[in-house]
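Take a look at the structure below.
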């Protein structure tokens with residue numbers, strides 16, 4: 001019974017988590033379609049493929065780059081003002097950000113569109129705050145259940161975001177729909193989330209002392225991580241994994257758009273298909289593999305699998321095989337991601353978990369920002385070559401993790417103490 005009481009208490013937090021996922025996933029199929037259409041030429045003001053690739057990469061990059069600072073800042077702000085006020089602030093910020101993007105497309109203003117894209121990343125601070133709110137409400141017995149609900153909610157957002165983007169932007173489905181309509185729909189959903197938080201969510205956190213707010217704190221945490229040899233090594237291997245997957249995630253949409261001329265709806269469905277792979281990996285593959293192998297072994301195997309399947313994707317020109325490979329890549333990568341997150345957690349003691357998870361999140365954001373700039377290599381490598389490059393980075397990550405295990409054979413049992421001699 002208590003589980004359901006906790007679920008009803010955290011339910012208003014779940015929609016903002018979905019909206020954060022929408023801000024990331026909804027845009028990818030739309031961006032791909034925009035910058036490969038006449039609208040893209042009008043928006044950029046040029047038919048140059050190089051300029052299209054540059055601005056596409058910039059649009060990809062802005063969200064994770066701004067989220068790097070926004071998530072940390074608003075997380076600290078929630079410790080000063082409370083969870084409810086700051087989640088509500090983030091939702092109002094999302095409403096304005098999505099509307100700015102819609103206006104930018106409507107009046108063909110690239111500057112407005114990019115400003116809106118950056119603001120969605122900056123305001124996407126709901127996830128860590130909602131996670132903190134769930135932790136506030138949880139008991140030791142219900143915490144795992146409540147956190148699993150949050151993880152599942154993230155998967156839902158990753159799946160429905162691209163579907164929503166594809167559906168609401170396709171004029172062949174509903175007359176009057178265009179590239180701007182998904183952003184208006186997302187703004188309305190954000191407004192609903194704001195009112196649900198305002199009227200349906202009870203504050204979970206009692207402010208006891210004010211934290212000093214530092215917008216650049218993620219970079220400071222990142223710098224601290226580099227000062228420890230073990231953490232520095234883990235940052236390198238995780239960055240290879242995340243840049244490798246980021247390249248695949250954004251470039252596969254460009255590839256299928258060019259090779260198979262998919263509609264906006266099909267691009268959205270394909271991106272949702274990748275989200276489904278995440279959900280399968282989280283719900284089924286992780287429990288199965290951990291029954292058979294240690295965390296580090298599962299990490300090496302899934303990183304290797306992700307790299308090999310990305311290489312196959314780079315060499316593939318068959319549509320059904322593309323769908324099959326994308327699903328397997330997503331399943332393997334989300335397992336590898338979870339295993340590396342566990343290894344990161346083991347690199348710090350119980351009192352430093354916030355610090356090490358802050359580094360982990362910073363690596364994700366910076367890596368996806370770097371992956372965004374990889375579109376500038378398209379003229380040199382083409383989509384197939386760029387995806388293969390991502391696969392190569394995954395294999396490097398697998399090798400680095402294998403080497404790490406060889407250097408620290410007791411790491412799985414002892415965590416930081418097992419590697420402390422090298423830290």
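Numbering (UniProt numbering), first residue to last: 1 to 423. Every residue gets a Cβ at the ideal spot worked out from N, C-alpha and C, and that includes glycine.
Taking C-alpha positions only, residue 393 is separated from residue 240 by approximately 5 Å. With respect to the 7 Å criterion, residue 116 and residue 373 are not classified as neighbours on the basis of their beta carbons.
Counting only unbroken stretches of 4 or more residues, the alpha helix (DSSP H) elements lying wholly within the stretch 251-290 are 264-280, in sequence order. Take the alpha-carbon of residue 331 and the one of residue 226: they are about 30 Å apart.
With at least 16 other beta carbons inside 10 angstroms of its own, residue 186 counts as buried. Each of 129, 59, 342 was checked against the Cα of residue 360, and the nearest Cα belongs to 342.
Residue 28: member of the alpha helix (DSSP H) spanning 27-34, first to last residue. In this chain, the alpha helix (DSSP H) harbouring residue 184 covers 181-200.
Residue state for residue 177 is assigned as coil, using DSSP reduced to three classes.
Judged by beta-carbon spacing, residue 387 lies within the 7 Å limit of residue 314, meaning their Cβ atoms are closer than that value. Pairwise C-beta distances place the stretch 182-199 out of contact with the stretch 277-292, as fewer than three of them are shorter than 8 Å.
Annotated as distal: residue 166 and residue 244, with beta-carbon spacing of 7 Å or more. For residue 80, the uninterrupted alpha helix (DSSP H) run begins and ends at 49-81, by DSSP. Under the three-state reduction of DSSP output, residue 317 falls in the coil class, being neither helix nor strand. Each residue's CA atom was taken as its position, placing residue 362 and residue 68 some 6 Å apart. Inclusion of residue 300 and residue 180 in the CB contact set at 7 Å is not warranted, their separation being larger than that value.
In this structure, residue 84 sits near residue 201, with a CB-CB distance shorter than 7 Å.
If you check the CB distance, residue 183 and residue 98 come in under 7 Å. The criterion of a C-beta distance shorter than 7 Å is satisfied by residue 162 and residue 25. Annotation for residue 224: the continuous alpha helix (DSSP H) segment containing it runs 217-226. Between residue 371 and residue 304, the C-beta gap is not smaller than 7 Å, which leaves the two residues out of contact.
By the beta-carbon neighbour count (other beta carbons within 10 angstroms, threshold 16), residue 242 is buried. If you draw a straight line from the Cα of residue 190 to the Cα of residue 130, it is about 15 Å long. Pairing residue 396 with residue 404, the inter-Cα distance amounts to about 12 Å. Burial state of residue 288 is exposed, judged by a 10 Å Cβ sphere holding fewer than 16 other Cβ atoms. In this chain, the alpha helix (DSSP H) harbouring residue 395 covers 378-407. The Cβ atoms of residue 255 and residue 375 lie no closer than 7 Å to each other. Taken through DSSP and simplified to helix, strand or coil, residue 347 comes out as coil. Taking residue 311 as reference, the option from 259, 340, 385, 272 with the minimal CA-CA separation is 385. Residue 336 has its alpha-carbon roughly 13 Å from the corresponding atom of residue 400.
Fewer than three Cβ pairs drawn from the stretch 95-115 and the stretch 150-159 lie within less than 8 Å of each other, which leaves the two stretches out of contact.
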